[in-house]
Amino acid sequence: MWLFARPGPSGFSQYSTAEQVTNGIDASGLTAIVTGGSSGVGRETARVLALRGAHVVMGVRNIAAGKQVQEAIVKEIPTAKVDALELDLNSMASVRKFASDFNSSGHSLNLLINNAGIMMTPFMLSKDNIELQFATNHLEAHRITYPEGICFDKINDEKQYSKYQAYGQSKLANILHANELTRQLKEEGIEITANSLHPGVVSTNLFRHIFTPPSFAEGFVSKLSNLLLKNVQQGAATSCYVALHPQVKGVSLVSRTTFAFFSDQVEAFNGSSAYHLDQ
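What the sequence shown shows, in the working numbering, is residues 380 to 658, in sequence order.
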């Protein structure tokens with residue numbers, strides 16, 4: 380429970396917010412893409428990166444909501460450089476257009492934060508007829524990061540569908556992808572790091588599909604969430620820490636033979652000591 384956490388080796392803990400873990404860091408000259416930047420952890424990540432001087436490009440499904448967040452950030456931080464581009468992770472065509480639009484902007488990409496996702500939805504298919512959680516949480520984020528597609532058997536088997544297993548599988552695929560990406564980058568001598576992270580259990584609308592149909596438990600959990608779960612300022616801390624903090628510069632490429640996984644601003648494990656599965 381985060382209420383009783385103590386600072387770890389990094390000097391931070393579950394108490395820490397994204398602003399705290401990036402205090403004093405100058406991100407000027409960096410360009411960051413943050414998917415899902417219009418709400419929750421993504422919005423706070425975008426705000427704090429902009430606060431530290433990065434040029435932030437938010438990939439958002441609802442462009443109107445994205446523009447509102449953009450305006451709110453600039454109002455709070457007049458020097459902020461923030462753009463909002465439409466990105467629907469439910470559609471491969473949208474992902475390709477987003478990538479094309481960004482490439483056309485002429486900006487170099489320094490940070491890619493694949494934050495957007497959904498959790499434990501009823502069985503649904505994406506616009507490309509792929510199970511929605513796997514398509515949204517992994518395949519489309521994978522296409523933004525690395526342009527070659529992947530395929531798994533029975534991903535669309537509605538009869539055996541479990542929203543919990545489907546969510547877990549999609550997130551496992553994220554970790555496995557980061558591991559493999561790190562391996563390939565290292566082999567090619569490219570100085571780019573790839574890391575996976577767990578932001579903690581954060582009070583956001585990501586939980587909206589857990590209780591379907593709605594039940595008494597939904598209201599009960601909602602009332603407790605403010606006491607037991609992280610807020611978005613704390614939830615965005617690990618993303619911002621891994622993106623900007625000098626303590627983790629080079630991790631996954633220089634300091635590790637494979638990838639690193641972070642939780643609460645601490646390197647929970649790295650691929651060389653965890654297990655022999657390619658990310």
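Cβ atoms here follow ideal geometry from the backbone N, Cα and C, with glycine treated the same way.
Sub-8 angstroms separation of V461 and A495 beta-carbons: The residue given as residue 461 occupies position 82 in the sequence shown. The residue given as residue 495 occupies position 116 in the sequence shown. Result no, Cβ atoms of V461 and A495 do not sit closer than 8 angstroms.
Status (buried if at least 16 other CB within 10 Å, exposed otherwise) for A472: Taking the first residue of the sequence shown as position 1, residue 472 is located at position 93. Under this definition A472 is an exposed residue.
Can you find the residues in the same chain that come closer than 6 angstroms, C-beta to C-beta, to A514, ignoring five residues on each side of it along the sequence? The count along the sequence shown starts at 1 and reaches residue 514 at position 135. So the list reads S505, once near-sequence residues are dropped.
Can you tell me which of the three DSSP states H624 falls into? Taking the first residue of the sequence shown as position 1, residue 624 is located at position 245. H624 carries a coil assignment under DSSP once its states are collapsed to helix, strand and coil.
Is the distance from the Cβ of I412 to the Cβ of G438 below 8 angstroms? Taking the sequence shown and counting its residues from 1, one reaches residue 412 at position 33. Taking the sequence shown and counting its residues from 1, one reaches residue 438 at position 59. In this structure, G438 lies closer than 8 angstroms to I412 by Cβ.
Beta-carbon separation (whole angstroms), L560 vs A573, contact threshold 8 angstroms: Stepping through the sequence shown from its first residue, residue 560 is reached at position 181. Stepping through the sequence shown from its first residue, residue 573 is reached at position 194. Indeed they touch by this definition, with Cβ atoms about 5 angstroms apart.
Less than 8 angstroms between C-beta atoms, sequence neighbours within five positions excluded: which residues of the same chain meet that for G547? Along the sequence shown, one-based indexing puts residue 547 at 168. The answer is none, since no qualifying residue turns up.
Per the contact definition of three or more C-beta pairs closer than 8 angstroms, is the region 465–481 in contact with the region 446–453? In this structure the region 446–453 does not touch the region 465–481; the number of beta carbon pairs closer than 8 angstroms is below three.
Where does T556 sit, in a helix, a strand or coil, going by DSSP? Within the sequence shown, residue 556 is the residue found at index 177, counting from 1. Thr is not the amino acid found at residue 556; the sequence shown has His there. The answer is helix: DSSP assigns H556 an H, G or I state.
Reducing DSSP to helix, strand and coil, say where I412 ends up. Taking the sequence shown and counting its residues from 1, the one referred to as residue 412 is at position 33. DSSP, reduced to helix, strand and coil, places I412 within a strand of the structure shown.
Beta bridge counterpart(s) of A463 as assigned by DSSP: On the sequence shown, position 84 is the one that residue 463 refers to. According to the DSSP secondary-structure assignment, A463 is paired through a beta bridge with M437.
Once you ignore the five residues that flank D405 on each side, which residues in its own chain have a CB closer than 8 angstroms to its CB? Taking the first residue of the sequence shown as 1, we reach residue 405 at position 26. Apart from sequence neighbours up to five positions away, the residues of its chain that approach D405 with a beta-carbon distance below 8 angstroms are R431, G432, ordered along the chain.
Which residue marks the beginning of the alpha helix (DSSP H) containing L681, and which one marks its end? This structure gives no information on residue 681, because the portion of the chain shown stretches from 380 to 658.
Taking the alpha-carbon positions, what's the Q613 to V400 distance? Locating residue 613 in the sequence shown gives position 234, where the first residue counts as 1. Locating residue 400 in the sequence shown gives position 21, where the first residue counts as 1. Q613 and V400: Cα-Cα distance of roughly 10 angstroms.
According to DSSP, K609 sits in a beta bridge with which residue or residues? Residue mapping note: residue 609 aligns to position 230 of the sequence shown, counting from 1. Under DSSP, K609 shares a beta bridge with V581.
Specify the secondary structure class of S575 as computed by DSSP and reduced to three states. What you label residue 575 is simply residue 196 of the sequence shown in a count that begins at 1. When secondary structure is reduced to three states using DSSP, S575 falls in the strand class.
Please say whether V427 and A463 have beta carbons closer to each other than 8 angstroms? By one-based count along the sequence shown, residue 463 stands at place 84. By one-based count along the sequence shown, residue 427 stands at place 48. No; because the gap between Cβ atoms is not below 8 angstroms, this pair is not in contact.
Look at V621 and V581 and say whether their C-beta atoms are less than 8 angstroms apart. Indexing the sequence shown from 1 puts residue 621 at position 242. Indexing the sequence shown from 1 puts residue 581 at position 202. No, the Cβ-Cβ distance between V621 and V581 is not below 8 angstroms.
With hydrogens ignored, establish whether the beta-carbon of G416 is closer than 7 angstroms to any heavy atom of the ligand SAM. Ligands displayed in this structure: none; no statement on the ligand SAM is therefore possible.
DSSP state of E566, grouped into three classes? As a working mapping, residue 566 is identified with position 187 in the sequence shown. In the structure shown, E566 sits in a helix (DSSP, three-state: H, G or I).
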